[in-house]
Ligand code: TMP
């Protein structure tokens, strides 16, 4: 066993293994609308853990630091224990999702430049969007914001290319960051639960679940993403 449960969220469990390290277990659950929509999809945890491993390994190989250390088993990854920032960082290449509520853009339109947004992780407050003054109140300094923005943009460039090579369009994604021995690393996961990707302009990500598609359609799409990414990194 991996010892004590440190935290259990909607789709993952974190166990403490030894000082400075955690085991991150991916569950087979999928949720949307702040947990109001919930389902179990057998195999989903394994697929999301594999996609996360591929993406984080690719980022590490290209000079972007993440918390990923190694694979433990089908659904479990060993990661560095970070002191997490209480924020979500969204990066967008295409106008879709909640951006359409903020800017007068056509759905699916390519953005002139990537758009980065910060959100406060709070179910209670409904994950509100933050500006840099809000971030300062939360204790994130200007230099930390600058570094997080830079890492997010570099991640975007690397992954846009990787996805393009895999025949996929990277629409947008969410990252989480934390500190490890005074370095800022990417934490959490990178899976179709937290990015949008289109295959011939059709979603192969959690939007399928949000749209009411059944579990077979969802897992098929996630597996398609995994198969395509495996092909381009190997
Ligand atoms: P949005 O268009 O709904 O704001 O989502 C933008 C991207 O961020 C999309 O790829 C989904 C991801 N995301 C999360 O992973 N968690 C969240 O809580 C939210 C709001 C978005």
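Residue numbers (this note's numbering): 469 to 702.
Just so you know, even glycine gets a beta-carbon here, dropped at the ideal spot from N, CA and C.
**Asked** Can you tell me the Cα-Cα spacing of residue 655 and residue 574, whole angstroms?
**Response** 32 Å
**Message:** Could you check whether the Cβ of residue 561 sits closer than 8 Å to any heavy atom belonging to ligand 1?
**Reply:** no
**Message:** Rounding to the nearest angstrom, what Cα-Cα distance links residue 578 and residue 606 in this structure?
**Reply:** 32 Å
**Message:** Suppose you measure from the CA of residue 537 to the CA of residue 512; what does that come to, to the nearest Å?
**Reply:** 21 Å
**Inter-residue spacing [alpha-carbon to alpha-carbon] between residue 580 and residue 561** = 8 Å
**Asked** Between the stretch 684-694 and the stretch 653-669, do three or more beta carbon pairs fall short of 8 Å?
**Response** yes
**Request:** Compute the minimum distance between the beta carbon of residue 541 and the heavy atoms of ligand 1, and state whether it is under 8 Å.
**Result:** no
**Message:** Give me the residue from 527, 658, 615, 684 with the minimum Cα distance to residue 650.
**Reply:** 615
**Item:** alpha helix (DSSP H) segment containing residue 613, residue limits
**Value:** 610-633
**Cross-strand partners of residue 508 (DSSP beta bridge)** = 497
**Request:** Kindly identify the DSSP beta-bridge partner or partners of residue 651.
**Result:** 648
**Message:** Here's the rule I'm using: 16 or more other beta-carbon atoms within 10 Å means buried, otherwise exposed. How should residue 550 be labelled?
**Reply:** buried
**Prompt:** With respect to 8 Å, is the separation between the Cβ of residue 575 and the closest non-hydrogen atom of ligand 1 below this value?
**Reply:** no
**Message:** Since residue 507 and residue 683 should fall inside the 8 Å C-beta cutoff, what is the C-beta to C-beta distance between them, to a whole number of angstroms?
**Reply:** 6 Å
**Request:** Evaluate the contact criterion for the stretch 668-687 versus the stretch 494-502: three or more CB pairs, one atom per stretch, below 8 Å.
**Result:** yes
**Close-in-space but distant-in-sequence residues of the same chain around residue 553 (CB under 7 Å, 5 per side omitted)** = 608, 645, 646
**Request:** State the DSSP-derived secondary structure class of residue 563, mapped to helix, strand or coil.
**Result:** coil
**Message:** Rounded to whole angstroms, what is the Cα-Cα separation between residue 653 and residue 569?
**Reply:** 30 Å
**residue 586 vs residue 557 beta-carbon contact at 9 Å** = yes
**Prompt:** Do residue 529 and residue 648 have their C-beta atoms within less than 9 Å of each other?
**Reply:** no
**Asked** Is the beta carbon of residue 696 within less than 8 Å of some heavy atom of ligand 1?
**Response** no
**Asked** Looking at residue 626 and residue 532, is the spacing between their C-beta atoms short of 9 Å?
**Response** yes
**Asked** From what residue to what residue does the beta strand (DSSP E) around residue 656 run?
**Response** Residue 656 -> no beta strand (DSSP E), and no H or E assigned at all.
**Secondary structure of residue 525, DSSP reduced to three states** = helix
**Prompt:** If we ignore side chains and look at the alpha-carbon of each, how far apart do residue 602 and residue 590 end up?
**Reply:** 14 Å
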